Each structure stands twice: as structure tokens, then as C-alpha cells.
Amino acid sequence: MNYNADKNGYYGKFGGAYIPEMLHANIEILKNNYKKITTDKNFQKEYRQLLKDYAGRPTPLYFASRLSEYFKTNIFLKREDLCHTGAHKINNTIGQILLAKKLNKKRIIAETGAGQHGVATATVCALMNLKCVVYMGETDMKRQMSNVERMKMLGAEVVPVHSGNKTLKDATNEAIRDWINNPETYYLIGSVVGPHPYPEIVAGFQSIISEELKVQMKEKTGNENPDCIIACVGGGSNAAGIFYHYLKNGKVKLIAAEAAGKGIHSGFSAATTVLGKSGILHGSKTLIMQNEDGQITEPYSISAGLDYPGMGPLHAHLFDIKRVKFISITDNEALKAAMLLTRMEGIIPALESAHALACLKKIKFTKNKKVVINLSGRGDKDLEAFIKYLKIRKLKD
0 MNYNADKNGY
10 YGKFGGAYIP
20 EMLHANIEIL
30 KNNYKKITTD
40 KNFQKEYRQL
50 LKDYAGRPTP
60 LYFASRLSEY
70 FKTNIFLKRE
80 DLCHTGAHKI
90 NNTIGQILLA
100 KKLNKKRIIA
110 ETGAGQHGVA
120 TATVCALMNL
130 KCVVYMGETD
140 MKRQMSNVER
150 MKMLGAEVVP
160 VHSGNKTLKD
170 ATNEAIRDWI
180 NNPETYYLIG
190 SVVGPHPYPE
200 IVAGFQSIIS
210 EELKVQMKEK
220 TGNENPDCII
230 ACVGGGSNAA
240 GIFYHYLKNG
250 KVKLIAAEAA
260 GKGIHSGFSA
270 ATTVLGKSGI
280 LHGSKTLIMQ
290 NEDGQITEPY
300 SISAGLDYPG
310 MGPLHAHLFD
320 IKRVKFISIT
330 DNEALKAAML
340 LTRMEGIIPA
350 LESAHALACL
360 KKIKFTKNKK
370 VVINLSGRGD
380 KDLEAFIKYL
390 KIRKLKD
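Residue numbering for the sequence shown follows numbering that gives the first Met the number 0, beginning at 0 and increasing consecutively.
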């Protein structure tokens with residue numbers, strides 16, 4: 000089974016590049032040059048050096064002993080939350096900012112939901128002295144205020160988006176409009192979404208996660224293969240990264256957690272594999288939540304990073320061929336899982352990562368299994384949601 004995009008950017012029946020004519024030249028230049036640029040040994044040397052000395056890689060693979068005892072199996076956490084800027088997003092932004100520089104781009108635009116991609120983009124733009132504009136939904140700006148201030152502190156212009164649900168989907172729409180009006184700009188996409196070749200580019204830069212995991216599993220257990228890997232999926236960049244080098248190994252079970260919000264059929268959900276069907280979103284064909292007329296259904300999740308009505312085409316393909324099992328996790332289940340990790344291991348996870356942790360209560364593992372969870376980000380940014388949850392729980396107690 001081949002899990003890479005074909006020459007037209009399709010993963011099975013998903014993918015492609017559905018773009019306005021104004022962006023055709025941009026996409027063609029990117030498509031014709033990104034492999035040549037990113038496989039160059041000097042590019043790789045600079046990329047790897049920055050990952051090591053600037054981002055703080057390799058990130059640890061931590062054996063969570065108390066959590067393992069609780070679930071009666073062996074649980075490891077891949078600590079992407081310890082990356083510079085607090086999430087895996089920095090891996091991709093370092094790669095793409097180097098790519099943008101090779102393409103002589105002077106202005107960078109990005110979209111962000113949880114703010115982690117926005118912060119990572121603002122960070123690398125500051126590092127490379129490039130102008131940075133980040134689009135962010137008004138709703139997300141309110142619930143991720145600390146990340147908004149971090150982006151501004153780093154010198155980025157944060158543009159509030161007032162359309163739709165004022166979340167990630169709407170921010171992406173505005174970023175694409177900017178790109179159409181300013182085709183000389185480089186659009187630094189933060190997830191494995193968008194027109195080809197973006198999903199392939201982002202997955203490639205994030206594959207450093209599973210590359211490291213194979214070495215670390217070998218060191219810690221004598222076998223580079225865990226029995227199971229769990230990651231959350233909104234667009235799906237962290238999942239693509241930790242699944243990447245295991246996709247062809249059918250012995251490693253791959254599980255993706257998607258946001259069920261207040262309940263799959265509550266009308267407040269982002270459970271794409273359950274509620275979605277094939278359609279075009281943000282430049283590629285994938286699974287999308289939409290009504291009978293093909294209009295996008297507004298998604299909902301307590302987690303800003305998972306509040307997206309679709310997923311990357313690679314993930315749609317992996318779901319379609321049943322290589323990855325998707326599990327829907329509600330807000331409440333994610334909050335409980337976050338508190339469990341916090342109290343048992345002293346690690347406050349991002350709400351996105353908490354969705355992956357919550358899968359542990361929905362799967363039965365035998366005693367000697369080796370389970371890896373990608374802890375994609377840290378939970379500082381979600382403190383307000385955690386405080387609110389604790390107050391509600393205290394009132395109920």
C-alpha cells in the first residue's frame with residue numbers, strides 16, 4: 000500500500016489542488032520546487048540544526064508509570080509539548096520558513112485556531128526577519144488570548160476574523176483570500192490540509208516525530224515498534240507526523256481521536272468521520288461536515304485546534320481504507336482525561352492532546368502492550384477552560 004500522494008496530489012480518492020486561477024502560478028512553483036529544495040543536503044543540514052538547537056529536538060519519550068499502572072498497560076508519551084513554543088507546530092514552521100526563503104518570499108501569512116501554529120509562525124518570522132500576518136477567528140482569539148499576545152509580542156500582525164463561527168475554518172478562508180490578493184506572499188499552512196503539495200509538505204516536516212520515536216522505542220524497549228499509537232486529529236498535522244514512519248507496518252495499530260464536542264449528534268460537534276462526506280474544502284477533496292446542499296456545517300469543539308469541519312486528505316484516505324481507527328471524544332471526556340494526566344504525572348496537556356488521552360478509557364489493552372500517545376502541545380493556553388471545568392466539578396461535588 001502506498002501512503003504518499005500521487006503525481007496529482009491524491010491520496011486514494013482524496014487530495015488534489017482545487018484553487019482559483021490567481022493561485023495557479025504560486026502552486027505550480029511550489030509543486031515544481033519543494034522536493035528539490037527540501038531534499039538538498041544544505042537545506043536538510045540547516046533544518047536539522049534548527050530543530051536541534053532552536054526547537055529543542057529530539058523531544059523525550061516519557062514512560063508514564065502512574066498512568067500505566069492505572070490503565071494496566073505500558074503507556075509512553077511523546078513530549079511534543081516540550082518543543083520551543085509549546086507544541087509540535089514549530090517542526091513544520093521551521094521547515095516552511097526555510098522553504099519560503101529559498102523561494103525569495105518576503106511576506107508570510109498564516110491561519111491559526113488554538114494559536115499554537117500562529118505563535119510558531121510568528122516565532123520563525125521573527126527569527127528570519129520576515130513580515131508576518133496571522134488570521135484568527137474572533138472566538139478563538141477570546142479563548143486563546145495568551146497566544147494572541149505572544150504573537151503580537153513576536154512582531155506579528157494578528158487579524159481578527161468575524162465571519163462564520165469565527166474559528167479556524169473562517170480564519171483559513173480569510174488567509175486564502177489574502178493569498179489570492181497577494182500571490183507574491185508565502186502562505187505557511189499549519190496542518191496537513193490545503194491544496195497539493197501542502198499536505199505532503201507538512202506531513203514530511205512533521206515526520207521527524209515518528210523518525211525519533213522509532214529510535215527511542217528501540218532504546219527503551221528493545222523494539223522500535225509500539226503496539227499502538229494514539230494522536231488527535233483536527234486538520235491532523237501531529238497525527239500525520241507520529242503515524243508517518245509506521246503507516247506501512249500493519250502490526251502497529253494507529254488510532255485517531257476526533258472532537259465530538261457536546262456529543263456527536265448534538266449539533267455541537269466536529270466528528271468528521273461520523274458526520275462528514277466527500278467534498279472540497281480549502282483547496283482539496285476530503286471528508287467534510289456539510290449539509291445536503293454542500294454547505295459547510297459549522298463545527299464545534301472546546302478545543303480550538305480541533306474545531307474544524309474537515310480533516311487532511313491523507314487522514315480521509317487512512318479512514319477510508321481502515322488503516323487508522325477513529326474514535327470520537329466529547330469535551331467532557333477530554334477534560335477528565337486532562338485532569339487525570341495532570342494529577343497522575345504532573346503534566347498539563349493541551350485540550351487537543353487530551354482528546355488522544357481520553358481514548359485510553361475506550362480501548363482495552365492487555366498488560367504488556369506498549370502504547371504511545373502523542374502529547375502534541377502543553378495546556379497553558381487552555382487554563383481558562385480548565386478553571387471553568389474545575390469550578391463546575393466543585394459545585395457538583
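Glycine included, C-beta positions come from ideal geometry on N, C-alpha and C.
Small disclaimer: the values here were computed from a predicted structure and weren't measured.
Where residue i sits in the DSSP three-state scheme
| i | result |
| --- | --- |
| A256 | strand |
| T92 | helix |
| Q289 | strand |
| Y2 | coil |
| P348 | strand |
| G240 | helix |
| Y299 | coil |
| F13 | strand |
| Y197 | helix |
| V370 | strand |
| I391 | helix |
| V157 | strand |
| K250 | coil |
| S283 | strand |
| A336 | helix |
| V132 | strand |
| L305 | helix |
| L102 | coil |
Proximity below 8 Å, CB of residue i to CB of residue j
| i | j | result |
| --- | --- | --- |
| G240 | S209 | yes |
| F267 | G278 | no |
| A113 | L153 | no |
| L22 | P182 | yes |
| G94 | F242 | no |
| V147 | M135 | yes |
| E137 | K105 | no |
| D319 | G55 | no |
| T271 | L286 | yes |
| L414 | I107 | The structure shown does not extend to residue 414, since the chain is modelled only from 0 through 396, so no value can be given for it. |
| E433 | S327 | The chain is shown only over 0 to 396; residue 433 falls outside these bounds and no answer can be derived. |
| F42 | L76 | no |
| H281 | G193 | yes |
| F13 | P312 | yes |
| N237 | S375 | yes |
| V118 | M144 | no |
| H314 | G235 | yes |
Of the residues the options, the one placed nearest residue i, counting alpha carbons only
| i | options | result |
| --- | --- | --- |
| V370 | V133, K219, S206 and R142 | K219 |
| G249 | Y185, P225 and A270 | P225 |
| V160 | T171, K151 and M310 | T171 |
| A99 | I74, H87 and N128 | N128 |
| A4 | I200, N25, M216 and N237 | I200 |
| W178 | K380, N25, S206 and I372 | N25 |
| K213 | A16, P57, I18 and Y388 | P57 |
| K361 | E332, N91 and S375 | E332 |
| N222 | A336, H116, Q289 and V251 | V251 |
| N103 | T120, K130, F385 and A255 | K130 |
| A86 | L66, T120 and A109 | T120 |
| Y388 | H354, D379, Y33 and D330 | D330 |
| A174 | A202, T111 and N90 | T111 |
| N73 | N180, D139 and M216 | M216 |
| N373 | T37, P19 and L60 | L60 |
| L66 | R47, H316, L339 and Y33 | L339 |
| S206 | R392, K88 and C227 | K88 |
| C227 | G275, L356 and G163 | L356 |
Boundaries (first-last residue) of the beta strand (DSSP E) holding residue i
| i | result |
| --- | --- |
| S64 | Premise fails: S64 lies in the alpha helix (DSSP H), S64 to F70, not in any beta strand (DSSP E). |
| T138 | Not the beta strand (DSSP E): T138 falls in the alpha helix (DSSP H), residues E137 to R142. |
| T111 | R106 to T111 |
| F75 | N73 to R78 |
| I326 | V323 to T329 |
| S407 | Examination of residue 407 is not possible in this model, given that the chain is present from 0 through 396 alone. |
| I228 | C227 to C231 |
Cβ-heavy atom distance, residue i to the ligand SAH, below 7 Å
| i | result |
| --- | --- |
| G378 | In terms of ligand content, the structure shown is empty, and the ligand SAH therefore cannot be addressed. |
For residue i, the first and last residue of its enclosing alpha helix (DSSP H)
| i | result |
| --- | --- |
| V214 | I207 to T220 |
| A121 | Q115 to M127 |
| E173 | L167 to N180 |
| A54 | Neither: A54 is in no alpha helix (DSSP H) and is coded neither H nor E. |
| A315 | P312 to D319 |
| I26 | H23 to T37 |
Original post:
Would you say the stretch 225-233 touches the stretch 302-315, given that touching needs at least three Cβ pairs under 8 Å?
Top reply: yes
Original post:
Are at least three pairs of beta-carbons, each pair with one atom in the stretch 68-83 and one in the stretch 342-351, less than 8 Å apart?
Top reply: Judged by Cβ distances under 8 Å, the stretch 68-83 makes contact with the stretch 342-351, as three or more pairs qualify.
Original post:
Using 8 Å as the Cβ pair cut-off and three pairs as the minimum, do the stretch 360-369 and the stretch 294-303 touch?
Top reply: With the cut-off at 8 Å, the stretch 360-369 and the stretch 294-303 do not touch.
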